[in-house]
Amino acid sequence: MGTATLTPPALTVKAERLVTASERASYDPFTEIDWSLPMDDEHGYYLPPEYLPLYGTEAWESMSGAERVAYSRHECASLCAAGIWFENILMHLVLKHLYDLPPDDGSHRYLLIETADECRHSAMFGELIRLAGTPAYQVPKVLRQLGRFMKSTTRGPEAYIAMLAAEELLDVSNRATMKDERVHPISRHVAKIHVMEEARHVSFAKAYVAETWPSLNWFRRVHAMVRAPFIVRAIADAVVNPAVYEALGIDGGAKQAKRNPNHTERVKNDLGKLTGFLDEIGVINTVTRPVWKVLGLLPS
């Protein structure tokens, strides 16, 4: 992979500010969250219903209120499992960046703090899954294999674009979840912690990509531009897990969810900040835009 590029001065200042922010507001989920509250479907949904992949479909309309709440619990557990998958990939990418950085580099300390944040988030998601009374869902095998390939072959700004895809996609639903009084308190609190800490990660990733993208040679830019939409599509696909519908006995549920206009439009809109940013810096351009559109990743 070669030696990592040292952190530019402007990004060093950003990293120092994020270290200070982390000292002010970092959270231990095992002391912050009341895990004793039963996840017994008596305390409401586990995600806002409008953010569930089946919302508005024929299958959704045929469900009773209790079935919809149970379905939301399974989707929440599945989303947390996808979150652990995301976080594992992100940690590999951050540690790959850290591997060649000297300890006195401007971003070294911050990147270690970000890795620690991701470790806590994975533990937090795992605890919710254990309490949810659902199968311990994993993303489909093909995505797990793709994740292995991606974390082994991705570096530099391309790696941080992948991080942004995962973080921005989850951020919108997390912000809705943490504010929705219809949602179980544990889910709301998990979402709040994730939003507050991931905001720092998004800030650093955007600054890193914006600062380093112009310095890339032609080959690395083209390489990143070609792969980026497929990486983002894979991350978006992890949101709908066929195993959920198999466990609940919802015939054709995964197909309905993936084709659900409510879901597909929401994914596009939730990625809007990311795709807007990539448009600004030139990752999405006249040549690559058709690919992003065909893959269903650009807002209408």
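Going by this note's numbering, the first residue of the sequence shown is number 393, and it counts up by one from there. Note that the Cβ used here is the ideal one computed from N, Cα and C, for glycine as well.
- Asp629 is positioned such that its CB atom lies closer than 8 Å to that of Leu535.
- When Leu561, Ser544, Met617 are compared, the shortest CA-CA separation from Leu487 is found for Ser544.
- For Tyr437, the closest C-alpha among the options Lys685, Ser454, Arg465, Leu410 is that of Arg465.
- Leu490 and Asn480 have their C-alpha atoms roughly 15 Å apart.
- Setting aside the 5 residues that flank it on each side, Leu666 is surrounded in the same chain by Leu556, Ala557, Glu560, each with a C-beta closer than 7 Å to its C-beta; the list follows chain order.
- Per the C-alpha coordinates, the member of Trp452, Gly457, Glu450, Leu439 positioned closest to Leu471 is Leu439.
- The criterion of a C-beta distance shorter than 8 Å is not satisfied by Ala528 and Ala616.
- The beta-bridge partner set that DSSP reports for Tyr437 consists of Val575.
- Only residues of its own chain outside the window of five on either side were considered, and among them Ile553, Trp605, Ala616, Met617, Ala620 have a CB closer than 8 Å to the CB of Val675, listed in chain order.
- A straight-line Cα-Cα distance of about 17 Å links Asn633 and Val461.
- The C-alpha of Arg512 is placed about 28 Å away from the C-alpha of Glu603.
- Asn661 sits in a helix when the DSSP states are folded into three classes.
- Considering only Leu398, Ile642, Lys660, Arg658, the residue with the shortest C-alpha distance to Glu453 is Ile642.
- Distance check between Phe596 and each of Val631, Ala551, Phe422 places Ala551 closest, using alpha-carbon atoms only.
- Secondary structure note for Asp432: it is in no alpha helix (DSSP H), with a DSSP letter that is neither H nor E.
- Taken in chain order, the complete alpha helix (DSSP H) segments of 4 residues or longer contained in the stretch 627-689 are 634-640, 645-651, 653-662, 664-673, 681-686.
- Around the beta carbon of Lys571, fewer than 16 other beta carbons lie within 10 angstroms, which makes this residue exposed.
- Boundaries for Ala417: no alpha helix (DSSP H) harbours it, and the DSSP string shows neither H nor E there.
- Between the stretch 417-424 and the stretch 584-598, the count of Cβ pairs shorter than 8 Å is three or higher; the stretches touch.
- A distance below 8 Å separates the beta carbons of Leu689 and Val624.
- Contact holds between the stretch 419-429 and the stretch 514-525, because three or more Cβ pairs, one in each stretch, are under 8 Å apart.
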